[in-house]
Each structure stands twice: as structure tokens, then as C-alpha cells.
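Protein chains: 2
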Amino acid sequence: MNVETALQRLKEKGYKRTKQRERMLKIFSGQDQYIAAKDILKEFQEYFPSVSFDTVYRNLYMLTEVDILESTELGGEKHFRLSCDTDGHHHHFICTDCGKTKSIAFCPMEKVNENLKGYDIENHKFEIYGKCPQCH
Amino acid sequence: MNVETALQRLKEKGYKRTKQRERMLKIFSGQDQYIAAKDILKEFQEYFPSVSFDTVYRNLYMLTEVDILESTELGGEKHFRLSCDTDGHHHHFICTDCGKTKSIAFCPMEKVNENLKGYDIENHKFEIYGKCPQCH
DNA sequence: AATTTAAATCGTAATGATTATTATTTTTTC
DNA sequence: GAAAAAATAATAATCATTACGATTTAAATT
């Protein structure tokens, strides 16, 4: 997803357009990887030295809520990336060195034929971890 | 895995048998669910009021290392359960209310036919989240 | 059974990511 | 440009986890 689309979606959802949010989207833009919240904070501080933690974390969650960002948990820390929703539902290979990702179109839910009658399925997670060709 | 098997494996690996480790295994024994580290700590303190955080966390990781426990990350916290390795490699449905699990024999890695040439795969995670029949 | 020694634990402090709070500032709307 | 609502800053607090020196314990050896 590009920054323009994201800003438009924000507006649709009734959120205000702020310098901070624009910057946050720019930081993510073009990055094909999951980034730790703390790293976003760090980069953010280069542009807004006195930014509040609150602003960064609140916006990360809000942007995830409106599907502008995707999030996952790696090594105990929340990581975020721009939603690549143009490909539809998919999963990721994630490099444990550099964080770069590769989309995996296959979704295991298609093939699970376990008996889950009576279970209310809300969500699922499928991720492959390892080293990408560059880091390998 | 039962407590006896676990204690035996500890011995094989050269770890000492301590009251704390026995208690920790007993806490897990018969529990068919992932338990947050902090909850283990809490229960542990009922038996060893002056236990050090260190002891609990160190042992949780050590027990995971020797495959007596399995771990996963839920809601930003590490969770542990006795390894159910009798079934071989498998995944879990995890109830987001009570933490109870149901084994899923199917492993998505069997069916991924994405081109991952050049990628060094180290690990993967597949979990289904939702409400179990009791919590639903 | 006492001695030795290496491992394990305790007690406590520190870290580090995240969350909370209140006052101030900024967008947006009229 | 003024008013109302939302967002941010500044700062403190929380909470899970990690770190570390001092003490204790398990178990191997005598």
C-alpha cells in the first residue's frame, strides 16, 4: 500500500491528517519488512526529537486497526509493516536477520481438515522464519 | 509428556534434580494449555514464596531448550506448556479465552509450494486462534 | 558420612518495551 | 479566524523480563 492510499483511508475513517502520521507512513513506505516498534520510534525521533512514546504507539495500533499496517510479534516485540493487501490474504517468510519478508500466497486454513466442530475460529498465524538469500 | 519422563530427560542432559524443577513440572503436568510465564511465577510463589524471578525464567527456557516444554508468544508474553511430543510434529488451536489447546496434525510446510530457493528455512509457526467449545 | 565442587537458587536491582495521564497544541469545521 | 474535537508532548508509571553477586544445594568423590 502506498502513502496516498493510506492517507485517504485515514480520512475516510475520520482520522486527522497530522505531520506525525504522514511521517510515520513515509518511514514505512517502500520497506518490504517488519520493523520493531522501538525502531520506528527511533527513526521517528530524528524528525520529531520530542515525540511522545504515546504518539508512536497509539498510531501504530490505530493504523493496524484500520488495516493500513500489518503487525506480528517477533522476539517478544511488536513489529509492523505497511499492509500489502493488494495480494489479498497471504502469509510471510520472514528473515530472522534483516526482517525482510517474502509473501506466501498459500494459506494453511484451506487445507486444515481437522475436526474443529464447536470451535469458533477467529484468527490464525502462519509464518516461516529463516535467512533470506542476501543474509544466507 | 509426564513428569517422570521429563525428570529422566533432565538427568540425561546432566541437569540437577531440584525441588523447584520438580514443582515446576508438577505445575504444568496434566495442563492441556499454554500458561503465561508470569502465571507460572505466581503459582510457583505459593510453594516457594521467596523464589527468584531468575529461577523461574531460567528454568522455563532451559526446559524449552531440552524439549520438555513448548513455548509460544501470545499477547506479547511468553507462554509455555508441557511438550506433547508423543504426537510428533504438530500445531495447535489455542483458545483466546482459557488458553486450552487442541492439536492440529496438519503441517502447512507439507503443502507450501512457493519458490523459496535460496532461502534457508529455520522454523515456522502455525497457530489457529479462537474460542474452544467451552468458552464459545 | 563428610568433603568438594559445580550448578542452582536467592535477593535485589536494573532494563526496556509499553501504557497511562494531564496539560498543551494542532486540525478541522463552521 | 474562532470553536470544538482530536492529537500530541512531557513525563511518570507499569510490568514482564533479565542481570548479577552472594549464598545454598545437589551430587560426585573420598
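Protein chains in written order, with UniProt numbering: chain A, 1 to 136; chain B, 1 to 136.
Just so it is clear, CB atoms sit at the ideal spot from N, CA and C, and this is done for glycine as well.
Min CB distance residue i to chain B below 9 angstroms
i: His136 of chain A; result: yes
i: residue 142 of chain A; result: A query on residue 142 of chain A cannot be resolved here, the shown segment of chain A reaching from 1 to 136 and no further.
i: Val66 of chain A; result: no
i: Asn2 of chain A; result: no
i: Pro108 of chain A; result: yes
Proximal chain A residues relative to residue i, where beta-carbon distance stays under 8 angstroms
i: Leu116 of chain B; result: Phe93, Lys102 and Ile128
Whole-Å CB distance - residue i paired with residue j, under 8 angstroms assumed
i: Ile104 of chain B; j: Val112 of chain A; result: 6 angstroms
i: Phe126 of chain A; j: Lys125 of chain B; result: 7 angstroms
i: Lys102 of chain A; j: His92 of chain A; result: 7 angstroms
i: Gly99 of chain B; j: Gln33 of chain B; result: 4 angstroms
Proximal residues of chain B, C-beta to C-beta of residue i below 9 angstroms
i: Tyr119 of chain A; result: Phe93, Cys95, Lys102, Ile128, Gly130, Lys131, Cys132, Pro133 and His136
Simplified DSSP assignment, three categories, for residue i
i: Arg17 of chain A; result: coil
i: Glu43 of chain B; result: helix
i: Tyr34 of chain B; result: coil
i: Lys78 of chain B; result: strand
i: Phe93 of chain A; result: strand
i: Asn123 of chain B; result: strand
i: Ile68 of chain B; result: coil
i: Lys26 of chain A; result: helix
Contacts that residue i makes with chain A (C-beta to C-beta distance below 9 angstroms)
i: Gly76 of chain B; result: Glu73, Gly76, Glu77 and Lys78
Residue-chain proximity (residue i, chain A), Cβ-Cβ < 9 angstroms
i: Ala105 of chain B; result: yes
i: Met62 of chain B; result: no
i: Val112 of chain B; result: yes
Among the options, the one whose alpha carbon lies nearest that of residue i
i: Glu73 of chain A; options: A:Ile94, A:Met62 and A:Val66; result: A:Ile94
i: Gly130 of chain B; options: A:Gly130, A:Glu110 and A:Ile121; result: A:Ile121
i: Leu25 of chain A; options: A:Pro108, A:Met62, A:Glu110 and A:Cys132; result: A:Met62
i: Ala6 of chain A; options: A:Gly75, A:Ala36 and A:Arg81; result: A:Arg81
i: Asn123 of chain A; options: A:Lys13, A:Asn115 and A:Pro108; result: A:Pro108
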